[in-house]
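Colleague: Residue numbers (this note's numbering): 4 to 121.
C-beta: ideal position from N, C-alpha, C; glycine also.
Given the structure is predicted, the values throughout are model-derived calculations rather than measurements.
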């Protein structure tokens, strides 16, 4: 998988403790479904929950798409109907900020006046 990484992701992704290739089954044989419209949504939910679990374990997870999809597909040769969507790097961030960052206020982000619900 490492040779498939784009120059923008190779410097940090190669140091990850784990690289996960995510796939989804978009095309379903032997059914009336030609295309599973929820496959990408389901994959996104799975990755989101994996990210939350990683954080609970003191790890970081970063989903990315900076890789050569055609080459990776050729190398991994997924089963028919399955397509590679992204990769996820899991591990301990080398450059994690040592202190908690301040968040911008909602008022700074919204163009219309905002007030909390009463």
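1. Please state if the CB of residue 23 and the CB of residue 90 are separated by a distance shorter than 9 Å.
2. Does the segment 55-65 come into contact with the segment 81-89, if we say contact requires no fewer than three beta-carbon pairs (one atom in each stretch) closer than 8 Å?
3. Can you look up residue 88 in the DSSP assignment and give me helix, strand or coil?
4. Using CA atoms only, rank isn't needed, just tell me which of 13, 12, 62 and 67 is closest to residue 26.
5. Check residue 25 in the structure and name its three-state DSSP category.
6. Determine whether the beta carbon atoms of residue 5 and residue 69 lie at a separation below 9 Å.
Modeller: Reading off the structure:
1. Against the chain shown, residue 90 aligns to sequence position 87. Against the chain shown, residue 23 aligns to sequence position 20. Closer than 9 Å, so yes.
2. Flag = no, the segment 55-65 and the segment 81-89 do not touch.
3. Stepping through the chain shown from its first residue, residue 88 is reached at position 85. Of the three classes helix, strand and coil, the one that applies to residue 88 here is strand, per DSSP.
4. Residue 26 sits at position 23 when you count from the first residue of the chain shown. The shortest Cα separation from residue 26 among 13, 12, 62 and 67 belongs to 67.
5. Locating residue 25 in the chain shown gives position 22, where the first residue counts as 1. For residue 25, the secondary structure class from DSSP, reduced to helix, strand or coil, is strand.
6. For the purposes of this step, residue 5 is taken as residue 2 along the chain shown, with counting starting at 1. For the purposes of this step, residue 69 is taken as residue 66 along the chain shown, with counting starting at 1. No, the Cβ-Cβ distance between residue 5 and residue 69 is not below 9 Å.
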